[in-house]
Amino acid sequence: MKYTAFARSWFLNPDQPALEGYPSLYEGEDKLPALEASLEDIGEYQRRLWANRKRALLVVIHGPDT
Numbered sequence: 001m002k003y004t005a006f007a008r009s010w011f012l013n014p015d016q017p018a019l020e021g022y023p024s025l026y027e028g029e030d031k032l033p034a035l036e037a038s039l040e041d042i043g044e045y046q047r048r049l050w051a052n053r054k055r056a057l058l059v060v061i062h063g064p065d066t
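1 is the number of the first residue of the sequence shown in full-length UniProt numbering; add one for each residue after it.
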């Protein structure tokens, strides 16, 4: 099957992610938010899922804080 150049631009090579195509809002080390509280919450949710020892799904949604 032949693909156009446009179609080939959408191909994904899992060994080489094209991260340069995504915008970055990071401007330096001073701009990083404190993540310790969020990481502690995620750790607690993971602990609860493991304690239940049944089927579980942990969904983490990350978005800009406004």
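Built from N, CA and C at the ideal position, the CB exists for glycine as well.
Here DSSP, grouped into helix, strand and coil, assigns Ser38 to helix. Bounds of any alpha helix (DSSP H) do not take in Arg53, whose DSSP letter is neither H nor E. For Leu39, the closest C-alpha among the options Lys54, His62 and Trp10 is that of His62.
When DSSP states are grouped into helix, strand and coil, Phe6 belongs to the helix group.
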